[in-house]
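**Student:** Here you go, one structure.
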Amino acid sequence: MKAIAYYASLPISDAKALQDIELPEPVPGPRDLLVEVKAISVNPVDTKVRQNVAPENGAANVLGWDVAGVVKAVGSEVTLFKAGDKVFYAGSIARAGGNSELHTVDERIVGHMPKSLGFAEAAALPLTAITAWELLFERLQIREGKTAEGQSLLIVGAAGGVGSILTQLAKQLTGLKVIGTASREQTRDWVKELGADLVIDHSQPLSEELKRAGIDQVTHVASLTQTDQHLDQLVEALAPQGKLALIDDPKSLDVSKLKRKSLSLHWEFMYTRSLFETPDMIEQHKLLNRVAELIDAETLKTTVGEHFGVINAANLRRAHELLESGKAKGKIVLESF
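If you count by UniProt numbering, then the sequence shown holds residues 1 to 337, one letter each, in order.
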């Protein structure tokens with residue numbers, strides 16, 4: 001089967017950073033689906049793994065943790081899907097990625113694809129939807145409905161992949177006042193289109209930007225990028241006993257700054273359930289099905305930013321380069337081999 005892989009951690013400008021190769025077809029385990037990959041999307045985790053995880057003993061490392069496709073075969077213990085089902089999922093970082101014609105994945109982290117979307121539009125959703133859902137409803141413990149009225153959520157990096165779906169979830173499913181950050185006119189317009197009540201500029205001091213907008217403090221913060229750079233401003237912006245959630249990888253984080261206000265810190269890593277095969281791993285199957293229902297009901301919309309064409313090494317290198325620039329809007333998708 002066709003696949004895109006790397007053999008050494010190289011700059012994305014190097015033609016060998018990602019290569020077109022041939023691999024044997026994977027064999028599904030008892031709870032696995034064998035999926036014919038129709039479309040993929042690219043996430044910052046792809047670039048981080050490529051840059052920092054060198055393959056062992058000359059092996060090919062396949063990236064890709066966002067897939068939409070069709071079930072070709074199922075393992076002996078599969079109960080949730082059958083051959084022919086259209087599915088979407090983010091996979092497990094402990095296994096080979098989905099940048100290949102065929103891919104195996106545990107059924108407990110797979111959802112039925114939205115009926116109203118094509119494969120490319122569906123591939124944009126799983127990883128970011130899981131991350132945003134878990135961050136909002138499980139880490140920050142916001143409840144669906146209007147119980148959060150009078151409370152507010154500041155989303156730092158609202159125009160990115162996770163921010164694009166988190167903005168929608170918070171606005172459509174909760175009573176929170178949603179404040180997004182974006183620094184360019186194009187991304188500010190995008191965040192407004194997604195439903196944010198207010199958009200401020202994260203290239204300026206955030207607490208000052210909020211005060212200029214008439215907001216003294218917020219009750220919740222979702223810091224999706226550059227948390228170490230913004231930490232002092234986030235602590236100042238948060239109300240006493242507020243909650244800070246993050247998904248990025250700051251080199252250092254002085255949590256003692258949170259003490260005076262009794263702020264709580266929450267980390268979201270959407271691979272935790274699949275990596276440790278937690279007892280509640282099937283929750284990701286359930287939430288992806290719920291996201292599909294919300295898409296089909298037109299409560300949420302896909303977050304495709306750019307379509308980079310067919311799935312091959314050259315197009316994936318372009319996608320990685322754009323993500324590494326920090327200028328991506330929404331999700332980058334690729335479709336068919």
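Glycine included, every Cβ here is placed at the ideal spot set by N, Cα and C.
Only a predicted model underlies this, so the values are computations on that prediction, with no experimental measurement involved.
Between which residues of its own chain and residue 94 is the CB-CB distance below 8 angstroms, once the five residues before and five after are set aside?
**Tutor:** The residues are 271, 274 and 275.
**Student:** Just mark residue 52 as buried or exposed, buried being the case when its beta carbon has 16 or more other beta carbons within 10 Å.
**Tutor:** Exposed, because fewer than 16 other Cβ atoms sit within 10 Å of the Cβ of residue 52.
**Student:** With a Cβ-Cβ cutoff of 8 angstroms, do residue 339 and residue 285 count as a contact?
**Tutor:** The question about residue 339 has no answer here: the residues shown for the chain are numbered 1 through 337.
**Student:** Please confirm whether residue 69 and residue 107 have their CB atoms less than 8 angstroms apart.
**Tutor:** No, these two residues do not count as a Cβ contact at 8 angstroms.
**Student:** Determine the closest residue to residue 97 out of 229, 62, 85 and 233, with distance taken between C-alpha atoms.
**Tutor:** 62
**Student:** Does residue 279 pass the burial test, meaning 16 or more other C-beta atoms within 10 Å, or should it be called exposed?
**Tutor:** If you draw a 10 Å sphere on the C-beta of residue 279, you find fewer than 16 other C-beta atoms in it, and that means exposed.
**Student:** With a threshold of 16 other CB atoms inside 10 Å of the CB of residue 114, please say whether the residue is buried or exposed.
**Tutor:** buried
**Student:** If you follow the beta strand (DSSP E) that residue 36 is part of, which residue opens it and which one closes it?
**Tutor:** 32-42
**Student:** Could you tell me how far apart the beta carbons of residue 64 and residue 99 are, in whole angstroms, since I believe they sit closer than 8 angstroms?
**Tutor:** 3 angstroms
**Student:** On the criterion of 16 or more Cβ atoms from any shown chain inside 10 Å, does residue 254 qualify as buried, or is it exposed?
**Tutor:** exposed
**Student:** Only counting the same chain, and skipping five residues up and downstream in sequence, which positions put a Cβ closer than 6 angstroms to that of residue 235?
**Tutor:** The answer, listed in chain order, is 257.
**Student:** Please name the residue or residues paired with residue 4 in a DSSP beta bridge.
**Tutor:** 20
**Student:** If we ignore side chains and look at the alpha-carbon of each, how far apart do residue 78 and residue 29 end up?
**Tutor:** 9 angstroms
**Student:** Can you list, in chain order, the residues of its chain whose CB lies under 7 angstroms from that of residue 192, leaving out five sequence neighbours each side?
**Tutor:** 199
**Student:** How far does the beta strand (DSSP E) with residue 233 in it extend, from its first residue to its last?
**Tutor:** In the DSSP annotation of this structure, residue 233 is not part of any beta strand (DSSP E); the continuous alpha helix (DSSP H) holding it starts and ends at 227-237.
**Student:** Would residue 175 and residue 132 qualify as a contact pair, given that the criterion is a beta-carbon distance under 8 angstroms?
**Tutor:** The answer is no: Cβ separation not under 8 angstroms.
**Student:** Can we say the segment 204-216 touches the segment 306-321, given the rule of at least three CB pairs closer than 8 angstroms?
**Tutor:** no
**Student:** Go ahead and pull the three-state DSSP assignment for residue 303.
**Tutor:** coil
**Student:** Quickly, what does DSSP pair residue 106 with across the bridge? List them, please.
**Tutor:** Paired residue(s): 32.
**Student:** Quick test of your reading: residue 47 and residue 268, contact by CB under 8 angstroms. State the CB separation rounded to the nearest angstrom.
**Tutor:** Contact annotation, residue 47 with residue 268: C-beta distance approximately 19 angstroms; criterion of less than 8 angstroms not satisfied.
**Student:** Who does residue 222 pair with in a DSSP beta bridge?
**Tutor:** 155 and 245
**Student:** Would you decide whether residue 13 is buried or exposed? Buried here means 16 or more other CB atoms lie within 10 Å of its CB.
**Tutor:** exposed
**Student:** Residue 200 bridges to which residues according to DSSP?
**Tutor:** 181
**Student:** Is the segment 226-234 in contact with the segment 161-172, if contact means three or more CB pairs nearer than 8 angstroms?
**Tutor:** Here the segment 226-234 makes no contact with the segment 161-172; the two share fewer than three CB pairs at distances below 8 angstroms.
**Student:** Can you find a C-beta in chain D that's less than 8 angstroms from the C-beta of residue 46?
**Tutor:** The structure shown contains no chain D, having only a single protein chain.
**Student:** Along the chain, where does the beta strand (DSSP E) containing residue 265 start, and where does it finish?
**Tutor:** Its beta strand (DSSP E) spans residues 264-267.
**Student:** Buried or exposed: which applies to residue 57, given that a residue is buried once 16 or more other Cβ atoms fall within 10 Å of its Cβ?
**Tutor:** exposed
**Student:** Give me whichever residues DSSP pairs with residue 331 in a beta bridge.
**Tutor:** 304
**Student:** Taking the DSSP output, what are the residues bridged to residue 312?
**Tutor:** Answer is none; residue 312 lacks a bridge partner.
**Student:** Could you check where the beta strand (DSSP E) with residue 69 kicks off and where it finishes?
**Tutor:** For residue 69, the enclosing beta strand (DSSP E) stretches over residues 67-74.
**Student:** Does DSSP put residue 164 in a helix, a strand or coil?
**Tutor:** Three-state result, residue 164: helix.
**Student:** Using the C-alpha atoms, what's the distance from residue 185 back to residue 49?
**Tutor:** 31 angstroms
**Student:** Residue range of the alpha helix (DSSP H) that residue 374 falls in?
**Tutor:** Here the chain has residues from 1 to 337 only, and residue 374 is not among them.
**Student:** So is residue 180 buried or exposed if we call it buried at 16+ other beta carbons inside 10 Å?
**Tutor:** Classification for residue 180: buried.
**Student:** Who are the near neighbours of residue 38 in its chain, counting only those whose CB is closer than 6 angstroms to its CB and skipping five residues on each side?
**Tutor:** 68, 69 and 119
**Student:** Could you say which of 201, 210, 6 and 159 lies nearest to residue 194 if we only look at CA atoms?
**Tutor:** 159
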